[in-house]
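Chemist: Take a look at the following structure, please.
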Amino acid sequence: MINKLHRLLALVAVFSSLAETVYGNPVEVRGGKTKCKRPAKRQAWHTLNNSQKKAYLNAEVCVMKTPAQIQLPGVRTAYDVLVSIHQLHALTIHSTGVFLPWHRWYLDLHESLLRSCGYSGATPYWDEAKDGKLAEIKKSAVFAPNTKLSFGSEGSVAPNFCLTDGPFVGYQNSVGPWWKLTDQCIGRTFMGNPLRENNASTVAAGCMNLKTYAEAWECIYLIPHVTGHIAISSLRGDASTSPSDPVFWLHHAYVDKLWFDWQEKDPKNRNLAVGGPNKQDPAVGFIEIPGDAEWERINLFQSEPTAAQKALIPAGDEGDGGNVTTLNHIFTSYGLVPDVRLREYMDTRAGGLCYEYV
Ligand SMILES: *[C@@H]1O[C@H](CO)[C@@H](O)[C@H](O)[C@H]1NC(C)=O
Ligand SMILES: *[C@@H]1O[C@H](CO)[C@@H](O)[C@H](O)[C@H]1NC(C)=O
Ligand SMILES: *[C@@H]1O[C@H](CO)[C@@H](O)[C@H](O)[C@H]1NC(C)=O
Ligand SMILES: [Cu+2]
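The sequence shown lines up with residues -24 to -1, 1 to 334 when you count with mature numbering (1 follows the signal peptide of the UniProt record, and there is no 0).
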């Protein structure tokens, strides 16, 4: 009884802090236009030495062992909190113009949790252009088998393909799949090399030649981003709780690098260029999946959000004042860190950020 009351009070606390942050001001200004002095270098995973790999993976395991800092539906650990934030945002951050900046903010949030666990390096990325040349994705250094210095290889037992090697064996996510809140292992399975079969790096190179943000985000989203998720076939294609597999962060750092590379061609303009819809079109849903939002709800999600989840799902246009993604768009982590505006995540060397890709 007392326990129940405590949980209820915690939930009320989340709702009231949400009312202050998402739907009202003030929103934290992190760095304004201040340039950072010594940007961290985000490197490809295969270029890290063993002690760098170990430091990164140890910090991730530490986040998985840290109790949840805030109450969100279904969470046990700090890692679950990250997954939950993605789950609650799944319908507004995919197939929209918010996609690139939201995931840049989300990578930074993840990095700050690694820092709380003692990590001092930069977020590494998965060099998918390089691994797109492999005959089989399982040959990637990211998935080297039987070592604690990779993300583990694939699991072997259908239907869940739970990992059997690497540092994440035995971890149970409590959030997912889709809207569900059930315990599940980290599952992963490979088939050939979709990066190669979809010519992902050739397409990515083509995205770099596009002139407008509206064209570039969609190009990066559709083939390079989606194909990376297919290549690791983790969690059976669940777009809602995909961060449950920690290789998610390396894949999304690669996606963020593509945006960075595009911005670097004209930083003065492109570090301010954003746009595209801030909500999915119900007649389309996820643009990479045929059908519409209703078809997807029944056939992909196969579940509905609970009342507690529904109350936390953002409308998608917070801060924008319309249907288009703007620099004023607000990112919320439900009080884990203060809410911030999208403009602070445009330039990786200013505002809230201080890194570059090498
Ligand atoms: C790994 O790289 C880091 C960063 O360059 C360096 O400080 C460290 O000494 C290297 N460690 C080993 C064992 O080579
Ligand atoms: C990839 O490129 C090859 C060679 O240009 C082409 O034959 C093939 O159809 C392309 N595959 C896809 C999925 O675009
Ligand atoms: C926003 O709404 C206007 C008016 O309904 C429409 O013309 C425009 O295409 C919409 N923009 C986006 C990005 O959805
Ligand atoms: Cu996502």
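Each residue gets a CB set at the ideal place from its N, CA and C atoms; glycine is no exception. All figures in this text were calculated on a predicted structure; none of them were measured in a lab.
Taking only runs of the alpha helix (DSSP H) that begin and end inside the region 12 to 61, which ones reach a length of at least 4 residues, in chain order?
Modeler: Counting whole runs of 4 or more residues, the region 12 to 61 contains the alpha helix (DSSP H) stretches 26 to 41.
Chemist: Any chance the CB of residue 332 is under 8 Å from a heavy atom of ligand 2?
Modeler: Within the sequence shown, residue 332 is the residue found at index 356, counting from 1. No, the beta carbon of residue 332 sits no closer than 8 Å to any heavy atom of ligand 2.
Chemist: Go ahead and pull the three-state DSSP assignment for residue 239.
Modeler: Here residue 239 corresponds to residue number 263 of the sequence shown, with the count starting at 1. Note: residue 239 maps to helix in three-state DSSP.
Chemist: Take residue 299 as the anchor and find which of 276, 306, 254 and 317 has the nearest alpha-carbon.
Modeler: Taking the sequence shown and counting its residues from 1, one reaches residue 299 at position 323. Comparing Cα positions, the closest option is 254.
Chemist: Does residue 88 pass the burial test, meaning 16 or more other C-beta atoms within 10 Å, or should it be called exposed?
Modeler: By one-based count along the sequence shown, residue 88 stands at place 112. It is exposed - the Cβ of residue 88 has fewer than 16 other Cβ atoms within 10 Å.
Chemist: Answer yes or no: do residue 99 and residue 83 have a C-beta to C-beta separation smaller than 9 Å?
Modeler: Counting from one through the sequence shown, the residue named residue 99 turns up at place 123. Counting from one through the sequence shown, the residue named residue 83 turns up at place 107. Cβ atoms of residue 99 and residue 83: closer than 9 Å.
Chemist: On a Cα-Cα basis, can you pick out the residue from 220, 201, 283 and 161 that is closest to residue 176?
Modeler: On the sequence shown, position 200 is the one that residue 176 refers to. Among 220, 201, 283 and 161, the Cα nearest to that of residue 176 is on 201.
Chemist: Could you tell me the alpha carbon to alpha carbon distance between residue 133 and residue 165, rounded to whole angstroms?
Modeler: In the sequence shown, counting from the first residue as 1, residue 133 sits at position 157. In the sequence shown, counting from the first residue as 1, residue 165 sits at position 189. For residue 133 and residue 165, the distance between alpha carbons rounds to 9 Å.
Chemist: Ligand 4 and residue 22: does the residue's C-beta get closer than 8 Å to at least one heavy atom of that ligand?
Modeler: Reading the sequence shown from its first residue, position 46 is the one you call residue 22. Residue 22 Cβ: outside cutoff for every heavy atom of ligand 4.
Chemist: Can you give me the C-alpha to C-alpha distance between residue 224 and residue 297, rounded to a whole angstrom?
Modeler: Along the sequence shown, one-based indexing puts residue 224 at 248. Along the sequence shown, one-based indexing puts residue 297 at 321. Cα-Cα distance, rounded: 31 Å.
Chemist: Considering only the beta carbon of each residue, do residue 7 and residue 329 sit closer than 9 Å?
Modeler: As a position in the sequence shown, residue 7 is number 31, starting the count at 1. As a position in the sequence shown, residue 329 is number 353, starting the count at 1. Against a cut-off of 9 Å, the Cβ pair of residue 329 and residue 7 comes out as a contact.
Chemist: Would you call the CB atoms of residue 215 and residue 169 closer than 9 Å?
Modeler: Here residue 215 refers to the residue found at position 239 of the sequence shown. Here residue 169 refers to the residue found at position 193 of the sequence shown. No. Outside cutoff.
Chemist: Find the nearest neighbour of residue 362 within the set 249, 101 and 160, judged by alpha-carbon distance.
Modeler: The question about residue 362 has no answer here: the residues shown for the chain are numbered -24 through 334.
Chemist: Could you pull out every unbroken alpha helix (DSSP H) segment of at least 4 residues lying fully inside the region 163 to 242, listed in chain order?
Modeler: Listed in chain order, they are 170 to 173, 176 to 183, 189 to 196, 202 to 208 and 223 to 240.
Chemist: Quick check: the Cα distance between residue 14 and residue 325, rounded to an integer number of angstroms?
Modeler: Taking the sequence shown and counting its residues from 1, one reaches residue 14 at position 38. Taking the sequence shown and counting its residues from 1, one reaches residue 325 at position 349. C-alpha separation (whole angstroms): 9 Å.
Chemist: Closer than 7 Å from C-beta to any heavy atom of ligand 2: which residues, in chain order?
Modeler: Result: 173, 174, 175 and 178.
Chemist: Express the C-alpha separation of residue 79 and residue 240 in angstroms, rounding to a whole number.
Modeler: What you label residue 240 is simply residue 264 of the sequence shown in a count that begins at 1. What you label residue 79 is simply residue 103 of the sequence shown in a count that begins at 1. Answer to the nearest angstrom: the Cα atoms are 18 Å apart.
Chemist: Return the first residue and the last residue of the beta strand (DSSP E) that residue 332 is part of.
Modeler: As a working mapping, residue 332 is identified with position 356 in the sequence shown. 331 to 333 is the extent of the beta strand (DSSP E) around residue 332.
Chemist: Let me make sure I understand the geometry here. Which of 249, 22, 238 and 286 has the alpha-carbon closest to that of residue 119?
Modeler: Along the sequence shown, one-based indexing puts residue 119 at 143. It is 22 whose Cα lies nearest to the Cα of residue 119.
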